[in-house]
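The structure appears below as structure tokens.
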Amino acid sequence: MTLVEIVIAAFILLELSNIVALYFVPGSKKANAVGVFTAWEKSKQYPEIHAFVKYLVYWVAGSKLIFIFLLAAIIIIGEPTMQRISLVALAVATASFYWRLFPLIRKMDQKGEIEPKNYSTILGIMIFVFIAIFLIAAAVGS
């Protein structure tokens, strides 16, 4: 297995853990589920809102499932160039986190709406590391 394939496979496993958490234990604070948001528990007081929130959580999980199946296909039948391009695409797509999601979670964290405190900073660093790994593996390419 090449470095590119290992990085893609590791990302697939990471995302699979998130998908399992989102589908089966969305209120968990592990595997990047939504239990870190205090609004998750508060939404349960309003069944209509909680149903909508659950719908969005399951939609995210389903979207992630599409991505990991595509990545698995790229590992299995993709040529090395396609695999490297997919890492660049992952880096660019993942970087979109800093455009809309990071400002929101940082603001919620500052307001005490995220548990544990400073989770937004940890998540921001973790995502930066993913992007760096994607780009380094794409550049090295073997």
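Be aware that the sequence shown starts at 16, since it is given in the numbering used here, and climbs by one per residue. For every residue, glycine included, the Cβ atom is placed at its ideal position computed from N, Cα and C.
When the Cα atoms are used, what is the spatial distance from residue i to residue j?
i	j	result
LEU71	ILE92	32 angstroms
ILE100	ALA153	7 angstroms
VAL168	GLU130	Shown here, the chain extends from 16 to 157; a query on residue 168 therefore has no answer.
VAL155	ILE146	14 angstroms
LYS126	ALA76	27 angstroms
THR109	ILE140	12 angstroms
VAL144	ILE151	10 angstroms
LEU18	GLN60	47 angstroms
PRO62	THR53	16 angstroms
GLN98	TYR73	28 angstroms
TYR38	ILE64	18 angstroms
SER43	LYS132	16 angstroms
VAL51	PRO95	38 angstroms
Could you give the first and the last residue of the continuous alpha helix (DSSP H) run that contains residue i?
i	result
MET97	95 to 110
ARG115	Counting along the chain, ARG115 falls outside any alpha helix (DSSP H), and DSSP gives it neither H nor E.
SER43	From DSSP, SER43 is part of no alpha helix (DSSP H); its letter is neither H nor E.
THR53	53 to 58
VAL155	134 to 155
GLY77	62 to 92
Mind reading off the beta-carbon distance from residue i to residue j? Whole number of angstroms is fine, and I expect it under 8 angstroms.
i	j	result
ALA87	PHE149	That belief does not hold up - the Cβ atoms of ALA87 and PHE149 are roughly 16 angstroms apart, past 8 angstroms.
LYS69	ILE34	That belief does not hold up - the Cβ atoms of LYS69 and ILE34 are roughly 15 angstroms apart, past 8 angstroms.
ILE90	GLU20	5 angstroms
SER135	ASP124	4 angstroms
ALA46	SER58	ALA46 to SER58, Cβ: 20 angstroms. No contact.
LEU85	VAL22	Their Cβ separation, rounded to whole angstroms, is 15 angstroms, which puts LEU85 and VAL22 out of contact at 8 angstroms.
ILE137	ILE83	Rounded, the Cβ-Cβ distance is 23 angstroms, inconsistent with contact.
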